[in-house]
Amino acid sequence: MSVLIERFDGLCQGLRLEPMPAEDIHAKLKDGASSLETVIAFLEFQYQQKLDKSATLRIKNARFPRVKTLDEYDFTQQDGVTANQMKRLCDFVWLEQAFNVVFLGAPGLGKTHLATALGHAAAETGYNVCFITLEELIRILKTADISKPNKSRLTKLRRSDLVIIDEMGFMPISKAEAHLLFSFVSACYEHKSLVITSNKSFDDWADFLGDAVIATAILDRLIFKCEIFNLSGDGYRIRHRQTILKG
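Letter by letter, the sequence shown follows residues 8 to 254 of our numbering.
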(Lines of atoms letter the chains of each structure in order from A and count residues from 1; the text may use other names and numbers.)
(Lines give C-alpha, C1' and ligand atoms only; values in the text may rest on other atoms or scores of the structure.)
Protein backbone atom coordinates (compact mmCIF):
# COMPACT_ATOMS: atom_id res chain seq x y z
CA MET A 1 0.00 0.00 0.00
CA SER A 2 2.85 2.41 0.84
CA VAL A 3 4.27 1.96 -2.66
CA LEU A 4 0.89 2.81 -4.17
CA ILE A 5 0.59 5.87 -1.92
CA GLU A 6 4.02 7.07 -3.02
CA ARG A 7 3.07 6.55 -6.65
CA PHE A 8 -0.21 8.36 -6.03
CA ASP A 9 1.60 11.33 -4.45
CA GLY A 10 4.06 11.41 -7.35
CA LEU A 11 1.26 11.56 -9.89
CA CYS A 12 -0.45 14.35 -7.93
CA GLN A 13 2.79 16.30 -7.91
CA GLY A 14 3.28 15.77 -11.63
CA LEU A 15 -0.27 16.93 -12.34
CA ARG A 16 0.03 19.80 -9.87
CA LEU A 17 -2.80 18.42 -7.76
CA GLU A 18 -3.05 18.51 -4.01
CA PRO A 19 -2.16 15.07 -2.57
CA MET A 20 -5.09 13.69 -0.62
CA PRO A 21 -3.98 12.83 2.93
CA ALA A 22 -3.00 9.16 3.14
CA GLU A 23 -5.17 8.64 6.23
CA ASP A 24 -8.22 9.75 4.24
CA ILE A 25 -7.45 7.22 1.53
CA HIS A 26 -6.92 4.47 4.09
CA ALA A 27 -10.21 5.40 5.77
CA LYS A 28 -12.07 5.15 2.47
CA LEU A 29 -10.61 1.75 1.70
CA LYS A 30 -11.20 0.54 5.24
CA ASP A 31 -14.85 1.55 5.00
CA GLY A 32 -15.17 -0.61 1.89
CA ALA A 33 -15.48 2.22 -0.60
CA SER A 34 -15.38 1.18 -4.22
CA SER A 35 -12.73 2.43 -6.62
CA LEU A 36 -15.23 4.85 -8.14
CA GLU A 37 -16.22 6.20 -4.71
CA THR A 38 -12.57 6.70 -3.83
CA VAL A 39 -11.97 8.57 -7.10
CA ILE A 40 -15.04 10.73 -6.47
CA ALA A 41 -13.78 11.52 -2.96
CA PHE A 42 -10.43 12.49 -4.44
CA LEU A 43 -12.04 14.79 -7.02
CA GLU A 44 -14.25 16.38 -4.35
CA PHE A 45 -11.10 17.01 -2.32
CA GLN A 46 -9.43 18.66 -5.33
CA TYR A 47 -12.51 20.78 -6.01
CA GLN A 48 -12.64 22.01 -2.42
CA GLN A 49 -8.93 22.82 -2.51
CA LYS A 50 -9.50 24.85 -5.66
CA LEU A 51 -12.40 26.74 -4.03
CA ASP A 52 -10.32 27.47 -0.94
CA LYS A 53 -7.38 28.78 -2.99
CA SER A 54 -9.67 30.98 -5.08
CA ALA A 55 -11.29 32.42 -1.97
CA THR A 56 -7.89 33.11 -0.43
CA LEU A 57 -6.81 34.92 -3.59
CA ARG A 58 -10.00 37.00 -3.73
CA ILE A 59 -9.54 38.03 -0.10
CA LYS A 60 -5.92 38.99 -0.79
CA ASN A 61 -6.87 40.99 -3.90
CA ALA A 62 -9.61 42.82 -1.99
CA ARG A 63 -6.93 44.61 0.08
CA PHE A 64 -8.85 44.63 3.32
CA PRO A 65 -7.00 46.63 5.99
CA ARG A 66 -7.40 43.62 8.28
CA VAL A 67 -9.52 40.48 8.42
CA LYS A 68 -12.77 41.05 10.28
CA THR A 69 -15.76 38.75 10.71
CA LEU A 70 -19.31 39.31 11.92
CA ASP A 71 -18.72 36.88 14.79
CA GLU A 72 -16.12 39.30 16.18
CA TYR A 73 -18.50 42.29 16.20
CA ASP A 74 -20.30 43.23 19.42
CA PHE A 75 -23.81 44.14 18.33
CA THR A 76 -24.85 45.01 21.90
CA GLN A 77 -22.69 48.15 21.99
CA GLN A 78 -24.64 50.13 19.39
CA ASP A 79 -28.09 50.73 17.98
CA GLY A 80 -28.87 50.72 14.30
CA VAL A 81 -27.97 47.26 13.03
CA THR A 82 -28.54 43.77 14.38
CA ALA A 83 -26.74 40.48 13.93
CA ASN A 84 -29.78 39.07 12.12
CA GLN A 85 -29.79 41.96 9.65
CA MET A 86 -26.12 41.41 8.83
CA LYS A 87 -26.58 37.65 8.50
CA ARG A 88 -29.46 38.30 6.12
CA LEU A 89 -27.18 40.47 3.98
CA CYS A 90 -24.81 37.52 3.72
CA ASP A 91 -27.23 35.80 1.35
CA PHE A 92 -25.99 38.46 -1.14
CA VAL A 93 -29.26 38.71 -3.01
CA TRP A 94 -28.75 42.48 -2.81
CA LEU A 95 -25.36 42.13 -4.48
CA GLU A 96 -26.85 40.14 -7.34
CA GLN A 97 -29.35 42.97 -7.83
CA ALA A 98 -26.69 45.73 -7.60
CA PHE A 99 -28.12 47.18 -4.39
CA ASN A 100 -25.91 49.30 -2.13
CA VAL A 101 -25.31 49.26 1.63
CA VAL A 102 -24.44 52.36 3.67
CA PHE A 103 -23.24 52.48 7.28
CA LEU A 104 -23.57 55.93 8.88
CA GLY A 105 -22.47 56.92 12.37
CA ALA A 106 -19.89 58.52 14.61
CA PRO A 107 -16.30 57.23 14.66
CA GLY A 108 -15.63 54.13 16.73
CA LEU A 109 -18.94 52.34 16.20
CA GLY A 110 -17.46 49.65 13.97
CA LYS A 111 -18.65 50.79 10.55
CA THR A 112 -15.40 49.69 8.91
CA HIS A 113 -15.56 46.39 10.80
CA LEU A 114 -19.06 45.69 9.47
CA ALA A 115 -18.17 46.72 5.92
CA THR A 116 -15.00 44.60 5.96
CA ALA A 117 -16.80 41.59 7.43
CA LEU A 118 -19.48 41.86 4.75
CA GLY A 119 -16.84 42.14 2.03
CA HIS A 120 -14.88 39.23 3.47
CA ALA A 121 -18.00 37.04 3.43
CA ALA A 122 -18.71 38.10 -0.16
CA ALA A 123 -15.17 37.20 -1.24
CA GLU A 124 -15.44 33.81 0.45
CA THR A 125 -18.76 33.23 -1.33
CA GLY A 126 -17.22 33.87 -4.75
CA TYR A 127 -17.57 37.59 -5.48
CA ASN A 128 -14.71 39.86 -6.48
CA VAL A 129 -14.39 42.58 -3.87
CA CYS A 130 -12.28 45.74 -3.60
CA PHE A 131 -11.77 47.71 -0.40
CA ILE A 132 -10.57 51.30 -0.64
CA THR A 133 -10.74 54.52 1.38
CA LEU A 134 -12.23 57.60 -0.23
CA GLU A 135 -8.86 59.35 0.00
CA GLU A 136 -7.14 56.56 -1.90
CA LEU A 137 -9.95 56.31 -4.45
CA ILE A 138 -9.68 60.02 -5.25
CA ARG A 139 -5.91 59.72 -5.64
CA ILE A 140 -6.32 56.79 -8.04
CA LEU A 141 -9.00 58.57 -10.06
CA LYS A 142 -6.75 61.62 -10.39
CA THR A 143 -3.61 59.72 -11.42
CA ALA A 144 -4.86 56.68 -13.36
CA ASP A 145 -3.89 58.29 -16.68
CA ILE A 146 -0.27 58.86 -15.62
CA SER A 147 0.37 55.96 -13.24
CA LYS A 148 0.35 52.39 -14.51
CA PRO A 149 -0.19 50.82 -11.04
CA ASN A 150 -3.10 53.16 -10.36
CA LYS A 151 -4.58 52.47 -13.78
CA SER A 152 -4.40 48.76 -13.00
CA ARG A 153 -6.03 49.31 -9.61
CA LEU A 154 -8.84 51.34 -11.20
CA THR A 155 -9.42 48.54 -13.70
CA LYS A 156 -9.80 46.06 -10.82
CA LEU A 157 -12.22 48.39 -9.08
CA ARG A 158 -14.33 48.67 -12.21
CA ARG A 159 -14.33 44.90 -12.77
CA SER A 160 -15.20 43.96 -9.22
CA ASP A 161 -18.66 42.88 -8.09
CA LEU A 162 -18.49 44.89 -4.89
CA VAL A 163 -16.56 48.06 -4.01
CA ILE A 164 -16.26 49.12 -0.38
CA ILE A 165 -15.52 52.84 0.02
CA ASP A 166 -14.43 53.56 3.57
CA GLU A 167 -14.16 56.86 5.45
CA MET A 168 -16.50 58.90 3.28
CA GLY A 169 -16.56 62.36 4.81
CA PHE A 170 -13.52 62.18 7.08
CA MET A 171 -11.70 64.68 4.90
CA PRO A 172 -13.23 67.34 2.60
CA ILE A 173 -12.53 67.07 -1.11
CA SER A 174 -12.45 69.67 -3.85
CA LYS A 175 -15.20 70.23 -6.41
CA ALA A 176 -13.01 68.70 -9.12
CA GLU A 177 -12.46 65.61 -6.97
CA ALA A 178 -16.19 65.45 -6.23
CA HIS A 179 -16.85 65.35 -9.98
CA LEU A 180 -14.43 62.41 -10.30
CA LEU A 181 -16.26 60.62 -7.50
CA PHE A 182 -19.58 61.29 -9.19
CA SER A 183 -18.28 59.76 -12.42
CA PHE A 184 -17.14 56.65 -10.56
CA VAL A 185 -20.43 56.23 -8.67
CA SER A 186 -22.38 56.79 -11.89
CA ALA A 187 -20.36 54.07 -13.64
CA CYS A 188 -21.20 51.68 -10.79
CA TYR A 189 -24.88 52.63 -10.75
CA GLU A 190 -27.06 49.52 -11.29
CA HIS A 191 -24.01 47.56 -12.49
CA LYS A 192 -22.23 46.75 -9.23
CA SER A 193 -22.81 47.18 -5.53
CA LEU A 194 -21.18 49.73 -3.26
CA VAL A 195 -20.74 49.54 0.48
CA ILE A 196 -20.12 52.97 1.99
CA THR A 197 -19.06 53.95 5.49
CA SER A 198 -19.40 57.57 6.57
CA ASN A 199 -19.25 59.58 9.76
CA LYS A 200 -21.44 62.23 8.12
CA SER A 201 -25.21 62.20 7.75
CA PHE A 202 -26.48 62.67 4.21
CA ASP A 203 -27.42 66.27 5.08
CA ASP A 204 -23.72 67.01 5.60
CA TRP A 205 -22.42 65.50 2.36
CA ALA A 206 -22.71 68.77 0.46
CA ASP A 207 -20.21 70.32 2.87
CA PHE A 208 -17.41 67.77 2.54
CA LEU A 209 -18.03 67.30 -1.19
CA GLY A 210 -17.90 71.05 -1.72
CA ASP A 211 -20.87 71.11 -4.09
CA ALA A 212 -24.53 70.66 -3.20
CA VAL A 213 -25.52 69.71 -6.77
CA ILE A 214 -22.86 66.98 -7.01
CA ALA A 215 -23.75 65.73 -3.54
CA THR A 216 -27.40 65.41 -4.55
CA ALA A 217 -26.46 63.62 -7.79
CA ILE A 218 -24.20 61.15 -5.95
CA LEU A 219 -26.79 60.45 -3.27
CA ASP A 220 -29.51 60.06 -5.89
CA ARG A 221 -27.59 57.19 -7.50
CA LEU A 222 -26.35 55.74 -4.24
CA ILE A 223 -29.59 55.46 -2.28
CA PHE A 224 -31.98 54.64 -5.15
CA LYS A 225 -31.42 50.93 -4.41
CA CYS A 226 -29.88 50.90 -0.97
CA GLU A 227 -30.09 49.64 2.60
CA ILE A 228 -29.03 52.29 5.10
CA PHE A 229 -27.92 51.64 8.66
CA ASN A 230 -27.66 54.58 11.08
CA LEU A 231 -25.44 53.47 13.96
CA SER A 232 -25.55 55.24 17.31
CA GLY A 233 -23.95 54.73 20.71
CA ASP A 234 -20.57 55.24 22.37
CA GLY A 235 -17.56 54.49 20.21
CA TYR A 236 -15.19 51.68 21.12
CA ARG A 237 -12.35 54.02 22.08
CA ILE A 238 -14.64 56.07 24.32
CA ARG A 239 -15.95 52.94 26.06
CA HIS A 240 -12.42 51.61 26.44
CA ARG A 241 -11.23 54.90 27.95
CA GLN A 242 -14.13 54.90 30.41
CA THR A 243 -13.22 51.35 31.43
CA ILE A 244 -9.62 52.38 32.11
CA LEU A 245 -10.74 55.42 34.16
CA LYS A 246 -13.08 53.27 36.23
CA GLY A 247 -10.24 50.83 36.86
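We put the beta carbon where it would ideally sit given N, CA and C, even for glycine.
- Within the model, the alpha-carbon separation for Glu51 versus Met175 is close to 43 Å.
- Thr150 and Lys158 have their alpha carbons spaced roughly 8 Å apart.
- With at least 16 other beta carbons inside 10 angstroms of its own, Ser200 counts as buried.
- DSSP places Asn107 in the strand class (E or B) of the three-state scheme.
- Looking at the DSSP output, Asp173 bridges to Thr140.
- The Cβ-Cβ distance between Ala224 and Trp212 does not fall below 8 Å.
- Judged by DSSP in its simplified three-state form, Cys233 adopts strand.
- Residue state for Asp59 is assigned as helix, using DSSP reduced to three classes.
- Between the beta-carbon of Ile180 and that of Phe215 there is about 7 Å, and that keeps the pair under the 8 Å contact cut.
- Contact annotation, Lys207 with Ala105: C-beta distance approximately 24 Å; criterion of less than 8 Å not satisfied.
- Out of Tyr54, Tyr196, Leu187 and Thr204, the CA that lies nearest to the CA of Arg146 is found in Leu187.
- Below 8 Å, too few C-beta pairs join the stretch 55-62 and the stretch 82-93 to call them touching: fewer than three.
- Residue environment analysis places Gly126 among the buried positions, since at least 16 neighbouring C-beta atoms fall within 10 angstroms of its C-beta.
- The beta-carbon distance between Leu238 and Gln85, rounded to whole angstroms, is 5 Å. This is short enough to meet the 8 Å contact definition.
- DSSP places Ser159 within a helical segment (H, G or I) once states are collapsed to three.
- Cβ-Cβ distances below 7 Å link His198 to Ala105 in the same chain, with the five nearest sequence neighbours on each side left out; the list follows chain order.
- Pairing Leu24 with Tyr80 gives a Cβ-Cβ distance that is not under 8 Å.
- For the options Leu111, Cys19 and Asp210, the alpha carbon positioned closest to that of Val46 is the one of Cys19.
- Counting C-beta atoms within 10 angstroms of its own C-beta, Gly133 has fewer than 16 neighbours from the protein chains shown and is therefore classed as exposed.
- Within 10 angstroms of the beta-carbon of Ile203 lie 16 or more other beta-carbons, which makes it buried.
- Residue burial is scored here from C-beta neighbours: Leu58 has fewer than 16 other C-beta atoms within 10 angstroms and is therefore classed as exposed.
- In the structure shown, Thr204 falls within a strand segment according to DSSP collapsed to helix, strand and coil.
- DSSP places Thr123 inside the alpha helix (DSSP H), whose first and last residues are Lys118 to Thr132.
- Cβ neighbours of Glu234 within its own chain (closer than 8 Å, five residues either side excluded): Leu96, Trp101, Phe106, Asn107, Val108 and Val109.
- A residue is called buried when at least 16 other Cβ atoms come within 10 angstroms of its Cβ; Glu184 meets this threshold and is buried.
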